[in-house]
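Beneath this line is the structure, given in structure tokens, with notes to follow.
Residue numbers (UniProt numbering): 1 to 310.
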């Protein structure tokens with residue numbers, strides 16, 4: 001298989017490149033900034049001619065995205081929706097056979113605890129973040145495009161591991177400040193996905209039935225407090241925790257966001273998306289991926305987090 005990996009410099013993208021190369025596939029990689037990866041072609045999916053990227057490609061793995069708790073609607077629309085539309089169109093014209101999209105479980109979040117959600121769980125009428133809104137729209141566009149080019153997607157929950165620039169780095173940064181807030185005591189349940197498991201799921205999804213999306217996790221859920229305790233043991237960072245009610249955290253996040261916008265737009269330390277992500281339970285049912293794709297998570301959190309501190 002000759003595959004294109006977009007967003008190849010990111011956590012999932014790099015893991016996917018490693019996995020594809022291990023399986024003997026030819027890989028073309030792309031990101032906006034130059035990086036030392038096999039078959040690399042620098043490209044901006046929002047503006048550049050995409051024909052050189054997709055020429056001779058059999059499968060596109062679309063991992064590139066603006067993945068942030070902060071930004072404008074126009075930025076998210078351009079990076080996550082328009083870029084996806086352009087890549088789909090270029091891929092179809094080039095005769096690409098399969099298109100696999102990295103979606104997001106953030107589309108399920110509605111500010112309440114939601115447990116063991118299947119792929120057909122009711123989605124909120126309004127997304128809790130602009131990121132989730134854009135990923136939901138892009139996923140719908142991809143799946144509706146299924147036809148001569150088989151289009152599928154996965155919703156990997158909280159990807160972590162080497163090259164992670166979001167989950168564990170942000171947690172460690174908060175721990176290094178010495179005091180870590182525990183929203184509602186850190187009781188919220190979170191399931192996570194090691195980068196290698198997410199990469200394998202992307203490859204399996206390429207051969208799955210067209211027009212389908214699958215939840216992907218490690219198959220085990222932890223409370224936020226448990227995740228913090230494990231990361232603390234592995235990192236050796238000394239820190240204390242303090243409880244904060246969910247509603248108060250929400251209020252503080254809203255104030256922080258308002259101040260950030262007035263002060264120039266820099267992302268605040270606390271956002272409403274972060275409060276919802278860490279203060280409300282969200283766990284996924286992965287039985288469909290097990291059944292349809294033969295997906296089996298291989299890396300436990302205890303194992304996976306070790307590479308982050310090696």
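We put the beta carbon where it would ideally sit given N, CA and C, even for glycine. Please read all numbers here as calculations on a predicted model, not as lab measurements.
Short Cβ contact (9 Å threshold) for residue i with residue j
i	j	result
residue 227	residue 253	no
residue 131	residue 68	yes
residue 284	residue 216	yes
residue 3	residue 30	no
residue 182	residue 242	yes
residue 184	residue 244	yes
residue 137	residue 280	no
residue 20	residue 35	no
residue 293	residue 190	no
residue 128	residue 261	no
residue 101	residue 57	no
residue 24	residue 63	no
residue 140	residue 15	no
residue 18	residue 1	no
Residue i: first and last residue of the uninterrupted beta strand (DSSP E) it sits in
i	result
residue 251	From DSSP, residue 251 is part of no beta strand (DSSP E) but of the alpha helix (DSSP H) over 246-262.
residue 268	Residue 268 -> no beta strand (DSSP E), and no H or E assigned at all.
residue 384	This structure leaves residue 384 out entirely; the chain is present only between 1 and 310.
residue 102	98-102
residue 216	213-216
residue 282	282-284
residue 3	2-6
residue 59	59-62
residue 53	Here residue 53 belongs to no beta strand (DSSP E); instead the alpha helix (DSSP H) covers 51-54.
residue 114	114-117
Candidates the options, of which the one nearest residue i by Cα
i	options	result
residue 282	298, 300, 223	223
residue 12	1, 208, 294, 65	65
residue 111	246, 297, 23, 258	246
residue 200	188, 299, 138	299
residue 287	297, 276, 21, 126	297
residue 206	152, 79, 72, 24	152
residue 144	188, 177, 84, 105	84
residue 177	239, 118, 60, 86	239
residue 225	158, 24, 180	180
residue 158	220, 295, 82, 213	220
residue 104	87, 78, 134	134
residue 33	25, 44, 27, 173	44
residue 113	186, 49, 74, 102	186
residue 210	24, 142, 259, 102	142
residue 172	263, 18, 237	237
residue 308	170, 58, 291	170
residue 208	116, 289, 27, 74	289
residue 118	213, 87, 18	213
residue 268	257, 275, 274, 276	257
residue 46	81, 156, 276	81
residue 275	140, 250, 259	250
residue 86	72, 116, 235, 60	60
residue 295	71, 218, 126, 255	218
residue 264	49, 72, 28, 22	72
Opening and closing residue of the alpha helix (DSSP H) in which residue i lies
i	result
residue 228	224-235
residue 88	83-94
residue 200	195-206
residue 13	11-22
residue 72	That residue, residue 72, is in no alpha helix (DSSP H); it is neither H nor E in DSSP.
residue 301	301-308
residue 291	287-293
Stretch-stretch touch, CB-based, cutoff 8 Å, three pairs: the region 189-201 with the region 296-309 | yes
Is there contact between the region 231-249 and the region 155-166, where contact requires at least three CB pairs shorter than 8 Å?
-> no
Would you say the region 91-110 touches the region 141-154, given that touching needs at least three Cβ pairs under 8 Å?
-> yes
Please specify which runs of the beta strand (DSSP E), each continuous and at least 3 residues long, are wholly inside the region 120-192, giving them in chain order.
-> 150-156, 179-183, 189-191
Count the C-beta pairs between the region 43-62 and the region 77-92 that are closer than 8 Å, then say yes if the count reaches three, no if not.
-> yes
Would you say the region 39-47 touches the region 114-123, given that touching needs at least three Cβ pairs under 8 Å?
-> no
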